[in-house]
Amino acid sequence: MLSGVCHCTSCRTAGQALDAASGSAPIVDSTGGTATVLWRKDRVRVAAGSDRLEAHRLTPQSPTRRMVASCCGAPMFLDFTKGFWVTVYRPRVADAPAPTMRVMTGDVPADIVLPDDGLARFRGHSGRFMLKLLTTWAAMRFRSPKIAGLPD
Numbered sequence: 065m066l067s068g069v070c071h072c073t074s075c076r077t078a079g080q081a082l083d084a085a086s087g088s089a090p091i092v093d094s095t096g097g098t099a100t101v102l103w104r105k106d107r108v109r110v111a112a113g114s115d116r117l118e119a120h121r122l123t124p125q126s127p128t129r130r131m132v133a134s135c136c137g138a139p140m141f142l143d144f145t146k147g148f149w150v151t152v153y154r155p156r157v158a159d160a161p162a163p164t165m166r167v168m169t170g171d172v173p174a175d176i177v178l179p180d181d182g183l184a185r186f187r188g189h190s191g192r193f194m195l196k197l198l199t200t201w202a203a204m205r206f207r208s209p210k211i212a213g214l215p216d
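What follows is the structure, given as structure tokens:
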């Protein structure tokens with residue numbers, strides 16, 4: 065659906081905490097960005113190991129849960145439970161598409177310099193990003209399914 069790098073405060077905060085607790089490949093880069101690939105929930109399923117996935121939430125009320133493999137501490141994906149998409153951490157995807165944009169760059173601390181890598185940059189979410197989400201959701205008949213194979 066979409067591949068990008070998120071620089072929002074929530075992704076940076078959670079990503080740094082998850083990386084510190086994990087021995088796996090980091091999900092946060094040197095600028096604090098988190099590279100992700102977004103897919104429709106109705107096209108994703110947990111094929112194995114769902115019993116080893118644990119939710120990490122920034123607050124108990126947070127609708128966003130970051131799913132972590134309890135066996136090794138590896139952050140696997142982010143599930144916005146009210147949404148229709150799943151955000152998979154790019155290092156967890158074989159042959160992942162290259163990121164096309166950096167979003168939420170308005171949250172980047174002043175002392176961080178983003179690389180001149182040719183990626184489009186947006187202080188918030190781009191119009192293209194929002195249009196892609198809306199057209200995808202319309203194609204799904206405005207449903208917000210659960211991720212197959214993942215318990216609530």
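The working numbering numbers the first residue of the sequence shown as 65 and each following residue consecutively.
Ideal Cβ placement from N, Cα and C applies to all residues, glycine included.
Taking the alpha-carbon positions, what's the M194 to A112 distance?
-> Numbered from its first residue, the sequence shown carries residue 194 at position 130. Numbered from its first residue, the sequence shown carries residue 112 at position 48. Looking at the two C-alpha atoms, the distance is approximately 32 Å.
Leaving out the 5 sequence neighbours to the left and right, which residues in its chain are closer than 8 Å to P173 when beta-carbon positions are compared?
-> On the sequence shown, position 109 is the one that residue 173 refers to. Closer than 8 Å at Cβ, skipping near neighbours: G96.
Proximity below 9 Å, CB of C75 to CB of M168 = Position 11 of the sequence shown, counting from 1, holds the residue named residue 75. Position 104 of the sequence shown, counting from 1, holds the residue named residue 168. Closer than 9 Å, so yes.
What are the boundary residues of the beta strand (DSSP E) that includes L66?
-> For the purposes of this step, residue 66 is taken as residue 2 along the sequence shown, with counting starting at 1. Looking at the DSSP string, the run of the beta strand (DSSP E) that includes L66 is L66 to C70.
Does the beta-carbon of F206 have 16 or more other beta-carbons within 10 angstroms, so that it is buried, or is it exposed?
-> The count along the sequence shown starts at 1 and reaches residue 206 at position 142. F206 comes out exposed.
Of the residues D171, V132 and A158, the one placed nearest H71, counting alpha carbons only | For the purposes of this step, residue 71 is taken as residue 7 along the sequence shown, with counting starting at 1. If we check each option's Cα against that of H71, D171 comes out closest.
If you draw a straight line from the C-alpha of P179 to the C-alpha of A99, how long is it?
-> Counting from one through the sequence shown, the residue named residue 179 turns up at place 115. Counting from one through the sequence shown, the residue named residue 99 turns up at place 35. Computed Cα separation, rounded: 14 Å.
Backbone CA spacing between L197 and S86 [nearest angstrom] = Residue 197 sits at position 133 when you count from the first residue of the sequence shown. Residue 86 sits at position 22 when you count from the first residue of the sequence shown. The straight-line gap from Cα to Cα measures roughly 31 Å.
Validate contact between the region 79 to 94 and the region 181 to 188 using beta carbons, cut 8 Å, 3 pairs | no
Starting from R192, follow the alpha helix (DSSP H) in both directions and report where the run begins and ends.
-> For the purposes of this step, residue 192 is identified with residue 128 of the sequence shown, where counting begins at 1. G191 to A203 is the extent of the alpha helix (DSSP H) around R192.
Of the listed residues F141, R156 and A119, nearest to W149 (C-alpha basis) = Counting from one through the sequence shown, the residue named residue 149 turns up at place 85. Minimum Cα distance to W149 is reached at F141.
Work out the CA separation of R109 and V132 for me, nearest whole Å.
-> The residue you call residue 132 lines up with position 68 of the sequence shown. The residue you call residue 109 lines up with position 45 of the sequence shown. Whole-angstrom Cα-Cα distance: 15 Å.
Run through DSSP, which three-state label would R166 get?
-> Taking the sequence shown and counting its residues from 1, one reaches residue 166 at position 102. R166 falls in the strand class under three-state DSSP.
Thinking R129 and T145 are a contact (beta carbons under 8 Å), I'd like their distance in whole angstroms, please.
-> Indexing the sequence shown from 1 puts residue 129 at position 65. Indexing the sequence shown from 1 puts residue 145 at position 81. About 6 Å; that satisfies the 8 Å criterion.
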